[in-house]
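Protein sequences appear in the order of chains D and R. So the first sequence is residues 843 to 965, counted in my numbering. So the second sequence is residues 843 to 965, counted in my numbering. Backbone N, C-alpha and C define an ideal beta-carbon position, used for all residues, glycine too.
2 protein chains.
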Amino acid sequence: MAKGNTNPDFLNGVPELAVLRVLFDGPQHGYAIVQSISKRTGGTLQFGEGSIYPILHKLEQQGLLMTRREVAGGRERIVYRLSKRGSKQLEESCHRWQNVVQSVQALIEGGDNGLSPVVPAAS
Amino acid sequence: MAKGNTNPDFLNGVPELAVLRVLFDGPQHGYAIVQSISKRTGGTLQFGEGSIYPILHKLEQQGLLMTRREVAGGRERIVYRLSKRGSKQLEESCHRWQNVVQSVQALIEGGDNGLSPVVPAAS
DNA sequence: CGATATACCTAAAGGTTCAAGGTAATGACA
DNA sequence: TGTCATTACCTTGAACCTTTAGGTATATCG
């Protein structure tokens with residue numbers, strides 16, 4: 843049954859970053875966030891609701907998101923909006939992300955240029 | 843305790859990739875691998891031995907690494923070398939990594955410009 | 001009414017990484 | 001000789017995150 847393949851490739855912390863980023867462009871409710879992410883990445887990044895909602899709740903608890911109840915068409919929806927601290931966190935997360943990308947890139951590409959090989963054998 | 847906050851997030855599957863990449867440049871033993879990674883990334887990526895050894899064992903079990911016992915200075919060391927399948931896996935991992943990077947980048951940068959919405963504004 | 005899409009939420013499961021410890025052998029030093 | 005620091009290898013326990021797969025409820029359309 844549930845194959846439970848958890849953290850697939852290199853996505854870790856990415857859903858959280860995605861949520862923050864999407865909300866940066868304007869308030870949305872959970873269901874819409876899920877689809878915005880998919881839409882924005884051309885379907886490459888598809889996080890299910892089961893991944894997003896827990897994050898939404900966590901971020902709200904941390905004060906990074908504000909919520910507001912809205913009624914649209916008789917349906918109640920919870921609209922999430924980025925707080926000031928949320929914006930800050932987004933910036934920080936982006937920064938860390940770039941940092942990781944750079945490091946990994948250096949690792950991948952930084953093959954045999956310049957660096958001296960590990961030859962301790964002297965004595 | 844807890845997973846601490848030493849290393850930022852976004853590192854999932856990265857240690858594995860790092861191990862494969864480092865070994866691509868030549869056989870090494872575990873301890874050296876740990877330090878090679880740190881050295882190559884200028885200390886940005888520092889995975890402890892507790893992270894690396896389990897990966898080493900897993901990769902060996904999967905046939906991606908070959909081992910050879912060596913005796914250097916009376917000490918026995920286990921030297922790991924990339925297998926053919928390991929090389930293939932490295933290439934594939936790099937590819938997936940680039941893929942994720944692209945997607946996230948699109949998400950971060952692709953605010954509301956450029957991409958055509960799904961609804962091409964009829965009438 | 002029944003089916004579908006929207007909207008929200010939770011539980012169980014599984015894999016990953018981390019910190020922190022443990023064991024040994026060597027070489028240096030006094 | 002004894003001890004210290006370093007190298008090398010290994011294991012454990014906890015905590016974390018994401019996913020799958022459900023569960024609930026309302027509105028709209030045929």
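Practice task
Within 10 angstroms of the Cβ of M843 of chain D, are there 16 or more other Cβ atoms? Answer buried if so, exposed if not.
Solution key: Only weak support exists for where M843 of chain D lies, its pLDDT of 36 falling under 50; the coordinates are left without a value.
Exercise for the section: List the endpoints of the continuous beta strand (DSSP E) containing L924 of chain R. Expected result: 917 to 924
Problem - Collapsed DSSP secondary structure at Q877 of chain R in the structure displayed - result: helix
Handout entry: Chain-ordered neighbours of G855 of chain D on chain R, where CB pairs are closer than 9 Å
Key = Listed along chain R are P850, D851, F852, L853, N854, each with a C-beta nearer than 9 Å to that of G855 of chain D.
Handout entry: Within 8 Å, strictly: CB atoms of V942 of chain R and L853 of chain D
Key = yes
Exercise for the section: Measure from the C-beta of V943 of chain R to each C-beta in chain D and report whether the shortest distance is under 8 Å. Expected result: yes
Exercise for the section: Select from R:F889, R:V861, R:I950 the residue whose C-alpha is nearest the C-alpha of L907 of chain R. Expected result: R:V861
Practice task
Output yes if chain R places a C-beta closer than 8 Å to the C-beta of V876 of chain D; else output no.
Solution key: No, no contact with chain R.
Handout entry: Proximal residues of chain R, C-beta to C-beta of L865 of chain D below 8 Å
Key = Within chain R, no C-beta atom comes less than 8 Å from the C-beta of L865 of chain D; the nearest is roughly 12 Å away.
Problem - Where the beta strand (DSSP E) through L859 of chain R begins and ends - result: Here L859 of chain R belongs to no beta strand (DSSP E); instead the alpha helix (DSSP H) covers 856 to 866.
Problem - L907 of chain R, DSSP secondary structure in three states - result: strand
Handout entry: CA nearest to the CA of G838 of chain R, picked from R:G928, R:W939, R:H899, R:S945
Key = A question about residue 838 of chain R goes unanswered here, because the residues of chain R that appear run from 843 up to 965.
Practice task
Could you tell me if Q931 of chain R is buried or exposed, where buried requires 16 or more neighbouring beta carbons within 10 angstroms of its beta carbon?
Solution key: buried
Problem - Contacts around V864 of chain R, its chain only, beta-carbon distance under 8 Å, and the 5 residues preceding and following it disregarded - result: Hits under 8 Å: Q870, I875, S878, I879, R882.
Problem - Distance between Q904 of chain D and R917 of chain R (C-alpha atoms, nearest Å) - result: 51 Å
Problem - 8 Å Cβ cutoff, L999 of chain R in contact with chain D - result: Nothing can be reported for residue 999 of chain R, as the shown portion of chain R is limited to 843 through 965.
Exercise for the section: Throw me the rounded Cβ distance for the F897 of chain R and R911 of chain R pair, which I believe falls under 8 Å. Expected result: The sequence given here places Ile at residue 897 of chain R; Phe does not occur at that position. Not a contact, Cβ separation roughly 19 Å.
Handout entry: Which of helix, strand or coil DSSP assigns to Q888 of chain R
Key = coil
Practice task
Verify the CB distance criterion: does I894 of chain D have a CB-CB separation below 8 Å to chain R?
Solution key: no
Exercise for the section: List the residues that DSSP assigns as beta-bridge partners of V913 of chain R. Expected result: By DSSP's assignment, V913 of chain R forms a beta bridge with R:E918.
Handout entry: C-alpha gap between S893 of chain D and V913 of chain R, whole angstroms
Key = 49 Å
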